[in-house]
Every structure is written in C-alpha cells, then in structure tokens.
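Protein chains in written order, with the working numbering: chain A, 271 to 577; chain B, 1399 to 1466.
The C-beta atom is built at its ideal place from N, Cα and C for all residues, glycine as well.
What follows is a single structure, written as structure tokens, with notes after it.
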C-alpha cells in the first residue's frame, strides 16, 4: 500500500498511527521499530537544510548541483507514508506554495515531490528549461512509476529528482540530445533489472511562480513496446524540437510525426491533457499487477526493486 | 451642553490578551509537535532506508550468484 498524508502538518493522529502500523507490518522487527523510536528521548536532531541561494555569477550547472544536493539532503522517503499531498492538476502557483512549505517543514520526500521542489528551486534560472519526464517500468510482474524533472541548459540535457536508485535521479546537464538523456535512464533501468515500458514527456514549465497554468505532464506519451528504436529516438527529438520552438497549446503547428494513425505517441493537444482525478500519491508504486513474469527472479520474500 | 454629547459610545473591547495568549500557546504546541514528529520521521526513515538497502544488496547478490 501507498499512504498519503492529506491533513497537512503536523500529521494528524489517524495518519500518524497508520504510518506506524504500516511500518510494523513490513519491517522484520515489526512493532519493535515503533517502540524504539516513538517517545524516545535521545533521537538525533536533524538540522533543517538551507535552501540554496546563489550569486548572480554562479553558473547554472553549479546551481543545479546545489539544488540536487539540497533535494538529496531531505532524503528519499522510505517510511511508506508520503507527507505532502500533490495534486498534479493544481495551478502552478498552488504547487509552488506547497514547495515552499516543503522547504520549511523539511521532511523526506518522494519523486513527485522532488519534481515540484526542483521547479520551485529553479524558477529564477530563466535560461533553464524544465519539463517533467515520467517513466513506467516493469519488474517481476509489476509495473512501477517514477518521475524526474528534465532540464535543458544551453542545448544540454540533464535531470533533477530523487529516487531509491542513484542512477534514476540526478543527471548533470551534459547530454547533447534528449534521446541521449532518455537512453541513459533506460540503461539505468536495465541495470536494476527493470524494463522501461513508457516514457511521458511534459512541456516546459513556466518560470512564474504565480502562474495559474497547470503543468502539462504528458505532452508526448511514448510506448516502447510499439516503437522501433529509431522511432523512439525520433519521437524524443520531435518533442525536444517542440520544446525548443516553445510550441504552446494551439499556438502553432506541431512538428510532423511519422505516422499519426498508429498513435504511438501522444498527438499535440489543442487543450490541456485530461487530468487524473487522483494524485500520484493515490497510486500504488506497483499499481498494476500482471501475471508472473516468465523470467525467473530470485524471490527475496517477494522483494520488489522499487525505483 | 448636552450631557450625552461628551459621552463616547462604549466600544466592544478587542479580543482579550488571554485569547491571544491561548492562540500563541496552541501555535507553540503545534510547532513542538511538528518538531517531535520530524525527529521521529527521520529516525524511522533511517531504519527503513537501511532495510531497503539490505534487501537490495541481498537481491543483487542473488542475481549475481544465479548468473543473471
């Protein structure tokens, strides 16, 4: 299960108790974990990380490193309860308020929260384009979803984010094409025995923290099962071209695609993409169960390599 | 002179300092609770991170031993 704290902070009692019950169920030491921690007088004091501030002369790549260090310092949230509720359909201004709250409360976060934080911390970098990159992968009979914040600076692509896996988060802005970046992620997935199934690319996010625009999360949806390698690459480059040309909603013709009839990638939409009712937080990390994979995987009491 | 002319209408008194004090106390209690929860969350996160790492390492070892 995947729990989300919807009541703000401090965490309300039902949510708090649910968090500890969940831990008791999944940790081999069961309730002893909670007994050791809850009410303990000698818990370490965790300093609140300082939000990075930059001199105007600090190069963008350095700033990105600092932003990533900050995100990393918050830590990946392994507790099983997400502390900040993210509704992807909220206007950017609301999400930026939430990001500000994240910096004040300074709690462990998961990938979607890191994307929102990444946007917030790079809003003043106007020469940096940011766009969400969502992944759907398959491992041992289950599907997993992950998201990072793609960045483009001076024609070089990279990413910010957080993940259980080191290779599925930060990428320095050194990739010459969007394809190279995505292929790098694909290879990283392969190294942790995941098969990448889908990539969803969003459009560039506004730098205005008070914008009432919604983030467009899936301007292009690329199904790797339906695309040849070359077509996958072409679609990625088409998306990159669209971002460069800053083709907005209904503001210009999309780049031509090879074969729209197949609908292997998301067509340019004149309207906003339909938004899910539920936030990412409502979805289980292994949302869709499939019949057991034909490839035998060692069974470590059903351990799943989550990303 | 009209005896009523100099009399001011009695204004309702602003919220008593006691109410403000109470609110400040509640805010302080909430802040303390948040700090306490934060400390426990990070202590818990440390335990769960270690568990995840152990399980991942074991899995990788098994994969290597089984020759992938």
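Check: Using DSSP with H/G/I as helix, E/B as strand and the rest coil, what is residue 438 of chain A?
Finding: helix
Notebook entry, point to check: Alpha carbon to alpha carbon, what distance is there between residue 479 of chain A and residue 390 of chain A?
Noted result: 7 Å
Note to self: Using a Cβ-Cβ distance cut-off of 8 Å, determine whether residue 1436 of chain B contacts chain A.
What the structure shows: yes
Notebook entry, point to check: Just checking my contact of residue 418 of chain A with residue 431 of chain A at CB under 8 Å: how many whole Å lie between their CB atoms?
Noted result: 3 Å
Next item on the list: Tell me, please, whether the stretch 290 to 302 of chain A touches the stretch 369 to 384 of chain A by the rule of three or more beta-carbon pairs shorter than 8 Å.
Entry: no
Next item on the list: State yes or no: is the beta carbon of residue 308 of chain A nearer than 8 Å to at least one beta carbon in chain B?
Entry: yes
Next item on the list: Determine the contact status of residue 575 of chain A and residue 464 of chain A, defining contact as a CB-CB distance below 8 Å.
Entry: yes
Next item on the list: State buried or exposed for residue 282 of chain A, treating a residue as buried only when at least 16 other CB atoms are found within 10 Å of its CB.
Entry: exposed
Margin query: Measuring only the C-alpha atoms, how far is residue 388 of chain A from residue 368 of chain A?
Written below: 12 Å
Notebook entry, point to check: How many angstroms separate the CA atom of residue 442 of chain A from the CA atom of residue 423 of chain A?
Noted result: 10 Å
Margin query: On a Cα-Cα basis, can you pick out the residue from B:1432, B:1427, B:1423, B:1420 that is closest to residue 286 of chain A?
Written below: B:1432
Check: At a CB-CB cut-off below 7 Å, which residues of chain A make contact with residue 1417 of chain B?
Finding: Going along chain A, no residue has its Cβ under 7 Å from residue 1417 of chain B, so there is no contact; the nearest lies around 22 Å.
Next item on the list: Give the interface partners of residue 573 of chain A over in chain B, defined as CB-CB distance under 9 Å, in chain order.
Entry: 1453, 1454, 1456, 1457
Notebook entry, point to check: Is there a Cβ from chain B that is less than 8 Å from the Cβ of residue 434 of chain A?
Noted result: yes
Item checked: Residues in the stretch 343 to 367 of chain A having any Cβ partner in chain B nearer than 8 Å -> 345, 346, 347, 348, 349, 350, 353
Next item on the list: Let me know the secondary structure DSSP gives residue 421 of chain A once reduced to three states.
Entry: strand
Next item on the list: Spatial neighbours of residue 471 of chain A within its chain, please: CB distance less than 7 Å, with the 5 preceding and 5 following residues excluded, ordered by chain position.
Entry: 401, 403, 489, 490, 509
Checklist line | Under 7 Å from the C-beta of residue 1422 of chain B: neighbouring residues of chain A | finding: Per Cβ cutoff of 7 Å: no residues; residue 1422 of chain B is ~17 Å from chain A at best.
Next item on the list: Within its chain, find whatever has a CB closer than 8 Å to the CB of residue 293 of chain A; leave out the 5 residues flanking it on each side and keep chain order.
Entry: 303, 304, 349, 350
Note to self: Looking at residue 340 of chain A: is its Cβ nearer than 8 Å to the Cβ of residue 319 of chain A?
What the structure shows: yes
Next item on the list: Starting from residue 280 of chain A, find everything on chain B with Cβ-Cβ shorter than 7 Å and list it in chain order.
Entry: 1428, 1431, 1432, 1435
Check: How would you label residue 1417 of chain B, buried or exposed, when you count the other beta carbons within 10 angstroms and need 16 or more for buried?
Finding: exposed
Notebook entry, point to check: Within this structure, are the beta carbons of residue 382 of chain A and residue 356 of chain A separated by less than 8 Å?
Noted result: yes
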